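Per my numbering, the very first residue in the sequence shown carries number 1; after that it's consecutive.
Data first, discussion second: the structure below is written as structure tokens.
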Amino acid sequence: MSVHRTVFGEIDGQAVEAFDLERGSLRARVVTYGAVLSEMHVPDRSGRTEDIALGYDDLESYLRFRGSAGAVCGRYANRIADGRITVDGQVFQLSQNEPPNHLHGGFKGFSKRVWNAEPDGAGCAVRLTLHRPDGDEGYPGAVAAAVTYRLLDEPALEIVMEATTDKPTVVNMAFHGYWNLAGHGAGSVRDQLLAIDADRYTPVGPDKIPTGVLAPVTGTAFDFGQERPIGAFFEDRAQLPEGGYDHNFCLTGAGGTLRRAARACDPASGRALEIWTDQPGVQLYTANHFANLPAVGKGGAAYGKHAGFALETQVFPNSPNVPCFPSALLRPGEVYRHTMRIPFLIA
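Below, the structure written as structure tokens:
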């Protein structure tokens with residue numbers, strides 16, 4: 001069990017560090033830019049280890065390529081319609097970085113900031129912290145945010161996101177990692193298997209803002225009640241206009257309690273993972289943007305459309321503007337806490 005600290009790069013005169021964590025069969029790398037998980041090495045059924053997290057070898061690539069690969073997004077991950085929220089009767093105009101909407105915290109949200117970090121060798125963990133002022137990207141209240149990455153004996157990766165505020169605000173942090181269980185450079189994940197523990201999802205309009213309806217998944221492309229290939233409906237453009245997923249699923253079970261959200265498996269290698277969370281929703285995103293904006297990943301790997309899948313546990317998109325959605329409101333004296341546990345399994 002170990003934690004090793006190195007310099008990863010520099011941005012605007014500020015050092016960016018990397019932390020290599022190793023425990024048992026698992027090895028991970030965390031970068032302070034964006035609180036990024038840039039590597040996650042896990043074994044297959046033959047004991048062969050591969051890095052299953054999409055990411056980049058250098059800071060320049062993280063700055064260049066879109067997609068928030070491996071980053072922690074906030075203050076509010078996902079989309080807010082028209083970049084507008086109302087808190088205690090007061091309207092706040094947020095930045096509109098995906099016009100006319102607000103996405104993943106704005107132009108320089110949490111995923112585009114350099115975090116401070118402290119290693120915990122005894123716990124095989126690293127804790128990253130970030131302070132953002134009142135008015136940042138239009139949000140009310142100064143926020144102190146933290147994320148802790150920890151490798152567990154299970155074997156598993158635990159991610160705990162926390163925040164406090166000095167004024168009423170909204171907070172919805174999300175880990176935006178892309179997985180490819182065959183290895184980060186193995187190509188499309190369409191034949192990897194996925195199950196999601198949800199019986200409803202939030203349909204979206206053309207701008208990917210939820211309509212406000214909680215629709216049943218039964219009989220649709222969104223029914224992952226039984227494990228099936230991720231790409232089984234990619235060609236159904238009536239249901240999936242982009243030829244992939246970018247949708248929020250409403251998880252079963254009581255919010256605030258840690259329960260399973262999803263399970264994924266690569267039949268060829270036997271690598272599998274589960275996502276456990278205390279959040280009400282999970283966003284399935286199949287890296288559709290790489291179709292028009294391909295990227296060069298670690299070791300020169302080509303990342304094209306469907307190169308990975310993200311399972312972002314979260315409050316629902318646009319929750320501040322939909323009364324029937326779970327609340328993202330955080331008040332002074334309260335602590336936002338979001339736990340995500342990812343056991344790695346052999347199928």
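In this text, a Cβ means the ideal position worked out from N, Cα and C, and glycines have one as well.
These numbers were taken from a predicted model, which means no experiment stands behind them.
Output needed for residue i: all residues of its chain with C-beta closer than 7 Å, excluding positions within five of it in sequence on either side, in chain order.
i, result
"glycine 24", "Asp153, Pro155"
"arginine 5", "Glu17, Phe19, Pro119"
"tyrosine 245", "Leu284, Tyr285, Thr286"
Counting along the chain, where does the alpha helix (DSSP H) carrying residue i start and finish?
i, result
"leucine 63", "59 to 64"
At the level of alpha carbons, what is the spacing between residue i and residue j?
i, j, result
"proline 100", "tyrosine 76", "16 Å"
"methionine 340", "valine 282", "11 Å"
"leucine 214", "isoleucine 275", "22 Å"
"alanine 71", "glutamine 279", "18 Å"
"serine 327", "isoleucine 85", "12 Å"
"glutamate 22", "glycine 253", "33 Å"
"tyrosine 33", "leucine 293", "21 Å"
"phenylalanine 355", "glutamate 242", "Since the first residue shown for the chain is 1 and the last is 347, residue 355 is missing from the structure and cannot be characterised."
"glycine 255", "alanine 261", "11 Å"
"histidine 306", "histidine 184", "11 Å"
"phenylalanine 107", "alanine 301", "27 Å"
"aspartate 12", "arginine 113", "11 Å"
"tryptophan 179", "glycine 187", "11 Å"
"tryptophan 115", "valine 16", "8 Å"
"aspartate 51", "valine 87", "42 Å"
"phenylalanine 224", "valine 42", "25 Å"
"leucine 258", "threonine 277", "5 Å"
"glycine 47", "alanine 53", "18 Å"
"proline 216", "glutamine 239", "14 Å"
"aspartate 57", "arginine 27", "16 Å"
"phenylalanine 309", "glutamine 96", "26 Å"
"phenylalanine 110", "histidine 338", "15 Å"
Name the DSSP beta bridge partners of residue i, please?
i, result
"serine 2", "Glu22"
"leucine 344", "A small fix is needed here, since residue 344 is phenylalanine in this sequence, not leucine. Paired residues: Leu273."
"glutamine 14", "Ile11"
"cysteine 265", "Leu193, Ala272"
"tyrosine 201", "Ala215, Phe249"
"glutamate 312", "Gln283"
"proline 317", "Proline 317 pairs with nothing; no bridge assigned."
"proline 294", "For proline 294, which the question treats as bridged, DSSP gives no partner whatsoever."
My understanding is that residue i touches residue j, with C-beta atoms under 8 Å, so please give their C-beta distance in whole angstroms.
i, j, result
"threonine 348", "valine 335", "The structure shown does not extend to residue 348, since the chain spans only 1 to 347, so no value can be given for it."
"phenylalanine 19", "valine 126", "4 Å"
"alanine 272", "leucine 345", "4 Å"
"arginine 190", "isoleucine 230", "6 Å"
"valine 3", "glycine 121", "5 Å"
"leucine 59", "glycine 123", "Their Cβ separation, rounded to whole angstroms, is 27 Å, which puts leucine 59 and glycine 123 out of contact at 8 Å."
So residue i is in the beta strand (DSSP E); what residue range does that whole segment cover?
i, result
"alanine 174", "174 to 176"
"glutamine 283", "281 to 285"
"glutamate 137", "That residue, glutamate 137, is in no beta strand (DSSP E); it is neither H nor E in DSSP."
"leucine 152", "143 to 152"
"serine 38", "36 to 43"
"threonine 164", "156 to 165"
"phenylalanine 92", "90 to 93"
"asparagine 116", "116 to 120"
"isoleucine 209", "Taken as a continuous stretch (DSSP letters only), isoleucine 209 belongs to no beta strand (DSSP E), as it is neither H nor E."
Below 6 Å CB to CB, which residues in the same chain sit around residue i once its five sequence neighbours on both sides are set aside?
i, result
"aspartate 166", "Gly141, Ala142, Pro332"
"glutamate 312", "Ala174, His176, Gln283"
"cysteine 265", "Leu193, Ala272, Ala347"
"proline 210", "Thr202, Val204, Pro317, Asn318"
"glutamate 118", "Arg127"
"phenylalanine 290", "Tyr303, Gly304, Lys305, Ala307"
"proline 206", "none"
Compute the minimum distance between the beta carbon of residue i and the heavy atoms of the ligand SAH, and state whether it is under 7 Å.
i, result
"tyrosine 201", "Judged by which ligands are present, the structure shown has none, so any question about the ligand SAH falls away."
Given residue i, which residues of its chain have a CB within under 8 Å of its CB, disregarding the five upstream and five downstream residues?
i, result
"aspartate 134", "Pro140, Gly141, Ala142, Asp166, Lys167"
"cysteine 324", "Gly212, Leu214"
"isoleucine 342", "Ala156, Leu157, Glu158, Ile159, Leu273, Glu274, Ile275, Trp276"
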